[in-house]
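There are 2 protein chains.
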Amino acid sequence: MKKKDMISASILAAAETLFQKWGIRKTTMEDIAQEAGKAKSSLYYYFKDKEAVLEAVATAQAERIIRIVREEVEKKKTAREKLLTYVYTSFRETRRAITLYEIARGEMRATPGVLRKVIDKYHALEEEAVEEILRFGKKRKEFRIIGRHDISDTSQAIVTIMRSLIISLFIESDDKKTIDQIIALLSEGL
Amino acid sequence: MKKKDMISASILAAAETLFQKWGIRKTTMEDIAQEAGKAKSSLYYYFKDKEAVLEAVATAQAERIIRIVREEVEKKKTAREKLLTYVYTSFRETRRAITLYEIARGEMRATPGVLRKVIDKYHALEEEAVEEILRFGKKRKEFRIIGRHDISDTSQAIVTIMRSLIISLFIESDDKKTIDQIIALLSEGL
DNA sequence: TTTCGACCAATATTGTATTTTGGTCGAAAT
DNA sequence: ATTTCGACCAAAATACAATATTGGTCGAAA
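For the record, the sequence lines run as chains A and B. Residue numbers for the first sequence follow our numbering, beginning at 1 and rising by one. Residue numbers for the second sequence follow our numbering, beginning at 1001 and rising by one.
Structural data, given as structure tokens:
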């Protein structure tokens, strides 16, 4: 049981490397096998098909992002700082994870199905993380409005904004000043 | 001088109809000419090339959206209502103007250049409109923060959010509740 | 339990013939 | 002088067939 996991992991590592380098579509099972030092047919002993490999890589990346973001957020004292850090770190790490980035925009149309599941789960985790920050801000009485509005709806709105921004700011330039301004708007209101 | 403008307009009308129906790329100059009841080569008497036709159509649509949005916004009394109306109307009309919508996402990569100009100008007009609302809200003392922050930066941030939302909400479902929540966030803060 | 070569159907790629398209020009019509 | 259009061309898009890759299976070997 231990050995199988090790090799699975090495295959995933190989796949992730190649996905980053050439993109999902241009990476073949043969490529992955070669990078992992295996025969192509051996991969099918560890993963059902290419989609399964993709799902595993995407899941691992999503979990990695969530973990890093939570670590960074935890270091900050105020809810406002936490929210700011959350957005920045999430941006940076999402961009770094090209696979997810590709998924988030164009290439997803070419590879739907399984990835929808991964992304939905990822967004759910994101909402949880934001909710935590909001609850923290409420406890500290840093945020005024949250008593009146549902905390879950609010974090959903914030994640929606973020998701949209990530998609479009990937295309355009990532204007740091604009992001700061948006955070200020969110936390202080007009 | 009058007749030339009339025919120009009829060509643009034909072009717009076909752009909506078949998309920019699938609409040929021959199609437009036929729809306008002219010979293809006649179009070149009125417009330099296909790009010029496209630019004129896009500009007209942008101006139309701005006009409608301003009309709707003017009817509202409070700055908050104005802002809400602005977002809703802008969403609705942008979606209705499929040409601009196509431009806003995928197809723009296939038709850059001239359209970049039109869109930039359109965004500038949008920012102006939002700025007006913000100034109005400041005068009524409806918005607190605006003294401290630059009003131009703030409206730029709002337009950025809106633009992102439009792009991504076009793809996903346009959850009205989410938009309401976002507006609440913007106007009240956390 | 794990690996892999041989093999296959389906997909993707490539090279080429053919058509379509954007755009020009000069002659005719108004 | 203004406006229209058919004939024409080079470049781009399309269609199609030949070819090569790719994802995936299977049974035999390690």
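We put the beta carbon where it would ideally sit given N, CA and C, even for glycine.
Supposed close pair residue i, residue j - CB separation, criterion 8 Å
i	j	result
L125(A)	T154(A)	L125(A) to T154(A), Cβ: 17 Å. No contact.
A33(A)	L43(A)	5 Å
A1129(B)	Y1086(B)	7 Å
I1182(B)	A157(A)	5 Å
V1057(B)	A1015(B)	5 Å
V1118(B)	E1055(B)	6 Å
V1159(B)	E1132(B)	Rounded, the Cβ-Cβ distance is 12 Å, inconsistent with contact.
T94(A)	I179(A)	Going by Cβ atoms, the distance from T94(A) to I179(A) rounds to 13 Å, so no, they are not a contact pair.
L1193(B)	L185(A)	Limits of chain B in this structure are 1001 at one end and 1190 at the other, which puts residue 1193(B) out of reach.
L1012(B)	A1062(B)	About 13 Å separates the two Cβ atoms, so there is no contact after all.
A1097(B)	I1065(B)	6 Å
Alpha helix (DSSP H) segment containing residue i, residue limits
i	result
K1138(B)	V1114 to K1139
A60(A)	K50 to K75
R80(A)	A79 to R96
K26(A)	Run containing K26(A): none; DSSP gives neither H nor E here.
K1040(B)	K1040 to Y1046
Buried or exposed (CB count within 10 angstroms, at least 16 for buried), residue i
i	result
K1139(B)	exposed
S41(A)	exposed
S164(A)	buried
A1039(B)	exposed
S90(A)	buried
T28(A)	exposed
Y45(A)	exposed
K82(A)	buried
M6(A)	exposed
G37(A)	exposed
G137(A)	buried
9 Å Cβ cut-off: residues of chain A touching residue i
i	result
T1154(B)	Q181, A184, L185 and L190
Partner residues on chain B for residue i, Cβ-Cβ distance less than 7 Å
i	result
T178(A)	Q1156, A1157 and T1160
Chain-ordered chain A contacts of residue i [CB-CB under 8 Å]
i	result
S1090(B)	Within 8 Å Cβ-Cβ: nothing; S1090(B) doesn't reach chain A, min ~14 Å.
Interfacial residues, the segment 1114-1127 of chain B to chain A, with Cβ spacing under 8 Å: none
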